[in-house]
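Undergrad: Before anything else, here's the structure in question.
Given below as structure tokens:
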């Protein structure tokens, strides 16, 4: 069995902000991680009374299910959809940089050379061909030319009008360490490390100019007659290349206490990825005097791409941040995405982000516009490894504690009581009884009085290695990591007793039970189906050797949804003696937790990479719809009719379910009015106003007003005629008589026969 390596967690504790208004209704945490992961996640949820006010105002029809009115569209959150992580020999593909063109993607793959990837189906990128013999460090595309830098060999120029048949034109050795290259006209400009900037004539394949502006030159971009280079600890350099044979230093960005890696340029602004100091934005209207106009601390930033109002920032700490740069003076993180391994390079094409993940290979992500920030409520805990739900109660297990949680208001879960255990690992509920797999075996806890849970009984399992469990009727089934499956009689909760054992001779790590069968996940031997109709004599009746390590499973009808340490597998178990794989889909990290299946949707916890939503309507071809990158490590999930509860390392976090087409609120009527999501949301007036952007297809009278959560009038922002086109209207958090308190506010736009409403979260 092949075992794929899984990236380690780089999470630190979460910074939490809990709104001071609408207690129990709004939780909006501000979160950061030590892996390039500063971000804002917003709980766009609202009390039912507020929703009724909105409906009372709106004179148009809204389609939303009453049980799932707070769903979100996970497709509008950046998520990975495809991978290429092996070369033609089945070995790991080490991708150091990537450049996308409309007909192909070119990857610099170190010793594997220049790799050409076919991406007509971005969810299944294919290795078309490759050019060996090139130590490919970075790659840049310019028309038919593909330029590759090598720290040892310099610059290699490849002609690739037909991407499947690239041809090397020639190689130009450089005196230093060729790191990156930019092209303008007939010249290539090579960032050559400590040897400065080298100018190569693409006709003669000769170096015709150079300049050493001090520092280690890491990257270069050319706009007009200027080259913008990053120079390590010495920052930004602006070089006049109007005469390519005689480049002249015109301006410097100065040493800002960071390390300048990659750079992007748009209009008169330069965007720089600056290590642990994150994003730096310079105004270069005067090239001789670059001025720092904006910055944002994001750890480990080394790669950058621009997409509309967003900067995509990747780096050495395993992740990509999405930053709203519509106001360069106040950049704001609006989302992030974990990727396997470290991010070495980024390239955008047609709403797809291609990510060089080094030993994580090439990753393909979908980047919506606008980016949905995601929604979350949270309950901080010392540890959260597994969850079980029964009605309005949740039970969380993690480390040395079992916590009983009131989840009757999913947006404000509260701990009611707790009980100490020894290294709790898994939990299940049956009525008022809670079953916990601990370091010592199985514990049974009565939660009939949630504020005072009581240990009823416990039984040791061999080796003290219980990892997972499930319960059916009067039996509990415990998976021991090295000791196999144990069947425990729990008819008397005060005196549980092991009545049957199956030594699987390998690593049992997951268990689920239905009917007379246990579906046992084995880290080495895959899926094992165990007949437990005779509890004292459990017996394996069917097996399936899965690609990696079989962990959590969920059975729905004749199908078993299995997390296989990097894959979601859908297995037909209608014949327990002959299970067979129907379909599979990769998950970005190492999916191990039990999948929650709701209709045609499957929710998969995936460790560092959060929770993924798959369309499983076609079991032979499960397709990822979107992901939500939780702040820490998504170990397990439980669900209600409208929400997911995630055991996320140091908290329980609450996510709305994915919206089906019928769930997405929509306005009936004319389609010649478009209004974008407000930005930023939530907003703090000290950081600038919130902007409502609308687009009109014709000139018409407009009235835009703000109301509080009780429907009381706050302020009129616009009352007059607006012309055809795009309009941006700001609100600074003040009412007719001055600043208003923090809370949820609603705007209403009346435009002739049309009306729209939306929510704004104001922080103070």
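Numbering (the UniProt record's numbering), first residue to last: 1 to 764. A virtual CB, placed ideally from N, CA and C, is assigned to each residue, including glycine. Keep in mind the model is a prediction, meaning the values are calculated, not measured.
Around the C-beta of residue 264, are 16 or more other C-beta atoms found within 10 angstroms, so that it is buried, or is it exposed?
TA: Your numbering for residue 264 matches position 264 in the chain shown. Result: buried.
Undergrad: So, for residue 211: in the same chain, excluding its five sequence neighbours on each side, which residues have a beta-carbon less than 7 Å away from its beta-carbon?
TA: Start at 1 with the first residue of the chain shown, and residue 211 comes out as number 211. The answer, listed in chain order, is 196, 197, 239, 247, 249.
Undergrad: Just curious, the beta strand (DSSP E) that residue 727 is in, first and last residue?
TA: The sequence position of residue 727 within the chain shown is 727, counting from 1. Its beta strand (DSSP E) spans residues 725-731.
Undergrad: Going straight from the alpha carbon of residue 349 to that of residue 119, what length do you get?
TA: Looking up residue 349 in the chain shown gives position 349. Looking up residue 119 in the chain shown gives position 119. Cα to Cα, the separation comes out at about 11 Å.
Undergrad: Could you please give the first and the last residue of the uninterrupted beta strand (DSSP E) stretch that includes residue 633?
TA: Position 633 of the chain shown, counted from the start, is the residue given in the question as residue 633. First-last for residue 633: undefined, no H or E at that position.
Undergrad: What did DSSP end up calling residue 535 once you bin it into helix, strand or coil?
TA: By one-based count along the chain shown, residue 535 stands at place 535. Residue state, collapsed to three classes: coil.
Undergrad: Between the C-alpha atoms of residue 192 and residue 290, what's the straight-line distance to the nearest angstrom?
TA: Within the chain shown, residue 192 is the residue found at index 192, counting from 1. Within the chain shown, residue 290 is the residue found at index 290, counting from 1. Computed Cα separation, rounded: 23 Å.
Undergrad: For residue 559, collect the residues of the same chain with a Cβ closer than 8 Å to its Cβ; drop the 5 residues on either side in sequence, then sort them by chain order.
TA: Sequence index remark: in the chain shown, residue 559 carries index 559 (1-based). The answer, listed in chain order, is 570, 571, 572, 573, 582, 619.
Undergrad: Do you know whose CA, among 490, 216, 707, lies nearest residue 472's CA?
TA: Looking up residue 472 in the chain shown gives position 472. Taking only the C-alpha atoms, the option nearest residue 472 is 490.
Undergrad: Please state whether the Cβ-Cβ distance between residue 451 and residue 416 is less than 8 Å.
TA: Here residue 451 refers to the residue found at position 451 of the chain shown. Here residue 416 refers to the residue found at position 416 of the chain shown. Yes, the pair counts as a contact, with Cβ atoms nearer than the cut-off.
Undergrad: Residue 108 by DSSP, collapsed to three states: which one?
TA: Here residue 108 is taken as the residue at index 108 of the chain shown, counted from 1. It is a strand residue.
Undergrad: Pairs of beta-carbons, one from the stretch 270-279 and one from the stretch 306-325, closer than 8 Å: are there three or more?
TA: Segments in contact, yes.
Undergrad: According to the Cβ coordinates, are residue 342 and residue 95 closer than 8 Å?
TA: By one-based count along the chain shown, residue 342 stands at place 342. By one-based count along the chain shown, residue 95 stands at place 95. Their beta carbons are not under 8 Å apart, which means residue 342 does not touch residue 95 by this criterion.
Undergrad: Assuming residue 444 is part of the beta strand (DSSP E), what are its boundary residues?
TA: Stepping through the chain shown from its first residue, residue 444 is reached at position 444. Where residue 444 is concerned, the enclosing beta strand (DSSP E) stretches over 441-446.
Undergrad: My output table needs one value for residue 693: the three-state DSSP class, helix, strand or coil.
TA: Position 693 of the chain shown, counting from 1, holds the residue named residue 693. Strand.
Undergrad: Along the chain, where does the beta strand (DSSP E) that runs through residue 423 open and close?
TA: The residue given as residue 423 occupies position 423 in the chain shown. It spans 414-424 - the beta strand (DSSP E) in which residue 423 sits, taken as one unbroken run.
Undergrad: For residue 554 and residue 595, which I take to be in contact (beta-carbon distance under 8 Å), what is that distance rounded to the nearest angstrom?
TA: For this step, residue 554 is matched to residue 554 along the chain shown. For this step, residue 595 is matched to residue 595 along the chain shown. Indeed, because the Cβ distance is near 5 Å, the residues count as touching under 8 Å.
Undergrad: Leaving out five residues on either side along the sequence, give the residues of the same chain with a beta carbon under 6 Å from the beta carbon of residue 482.
TA: Walking along the chain shown from the start, residue 482 turns up at place 482. The residues are 463, 465.
Undergrad: Residue 286: buried (16+ other C-beta within 10 angstroms of its C-beta) or exposed?
TA: Within the chain shown, residue 286 is the residue found at index 286, counting from 1. Burial call: exposed.
Undergrad: Using 8 Å as the Cβ pair cut-off and three pairs as the minimum, do the stretch 146-162 and the stretch 373-387 touch?
TA: Segments in contact, no.
Undergrad: Quick one: Cα of residue 396 to Cα of residue 405, how far?
TA: Mapped onto the chain shown, residue 396 falls at position 396. Mapped onto the chain shown, residue 405 falls at position 405. Approximately 8 Å between the Cα atoms of the pair.
Undergrad: With respect to the beta strand (DSSP E) encompassing residue 659, which residues constitute its N-terminal and C-terminal limits?
TA: Here residue 659 corresponds to residue number 659 of the chain shown, with the count starting at 1. No beta strand (DSSP E) holds residue 659; DSSP gives it neither H nor E.
Undergrad: Under three-state DSSP, which class holds residue 76?
TA: Walking along the chain shown from the start, residue 76 turns up at place 76. DSSP places residue 76 in helix when its eight states are reduced to three.
Undergrad: Do you know whose CA, among 268, 742, 272, lies nearest residue 258's CA?
TA: Translated into the one-based positions of the chain shown, residue 258 becomes position 258. Selected option, being the one with the closest Cα: 272.
Undergrad: Mapping DSSP to helix, strand and coil, what is residue 687?
TA: Position 687 of the chain shown, counting from 1, holds the residue named residue 687. Looking at residue 687 - three-state DSSP - the assignment turns out to be helix.
Undergrad: Quick check: the Cα distance between residue 442 and residue 399, rounded to an integer number of angstroms?
TA: Translated into the one-based positions of the chain shown, residue 442 becomes position 442. Translated into the one-based positions of the chain shown, residue 399 becomes position 399. Distance between the alpha carbons of residue 442 and residue 399 is about 15 Å.
Undergrad: Return helix, strand or coil for residue 605, following the three-state DSSP convention.
TA: If you number the chain shown from 1, residue 605 lands on position 605. In this structure, residue 605 counts as strand in the three-state DSSP scheme.
Undergrad: Where DSSP assigns a beta bridge to residue 137, which residues make up the other side?
TA: By one-based count along the chain shown, residue 137 stands at place 137. Bridge partners of residue 137: none, in fact.
Undergrad: State the Cα-Cα distance for the pair residue 699 and residue 745, rounded to the nearest angstrom.
TA: The residue you call residue 699 lines up with position 699 of the chain shown. The residue you call residue 745 lines up with position 745 of the chain shown. About 27 Å.
Undergrad: If you draw a straight line from the C-alpha of residue 521 to the C-alpha of residue 488, how long is it?
TA: As a position in the chain shown, residue 521 is number 521, starting the count at 1. As a position in the chain shown, residue 488 is number 488, starting the count at 1. Each residue's Cα considered, the two are about 18 Å apart.
Undergrad: Restricting to Cα atoms, I'd like to know which of 87, 696, 122, 611 is closest to residue 765.
TA: Within the shown structure, residues of the chain are numbered from 1 to 764, placing residue 765 beyond reach of any answer.
Undergrad: Answer with buried or exposed for residue 497, where buried requires no fewer than 16 other C-beta atoms within 10 angstroms of its C-beta.
TA: Sequence index remark: in the chain shown, residue 497 carries index 497 (1-based). Exposed, by the Cβ-count rule.
Undergrad: Using the Cα positions of residue 177 and residue 138, report the straight-line distance between them to the nearest angstrom.
TA: For the purposes of this step, residue 177 is identified with residue 177 of the chain shown, where counting begins at 1. For the purposes of this step, residue 138 is identified with residue 138 of the chain shown, where counting begins at 1. Their backbone Cα atoms lie some 12 Å apart in a straight line.
Undergrad: Since residue 89 sits in a beta bridge, which residues does DSSP pair it with?
TA: Walking along the chain shown from the start, residue 89 turns up at place 89. Residue 89 pairs with nothing; no bridge assigned.
Undergrad: Please state the DSSP three-state secondary structure of residue 484.
TA: The residue you call residue 484 lines up with position 484 of the chain shown. Correct three-state label for residue 484: strand.
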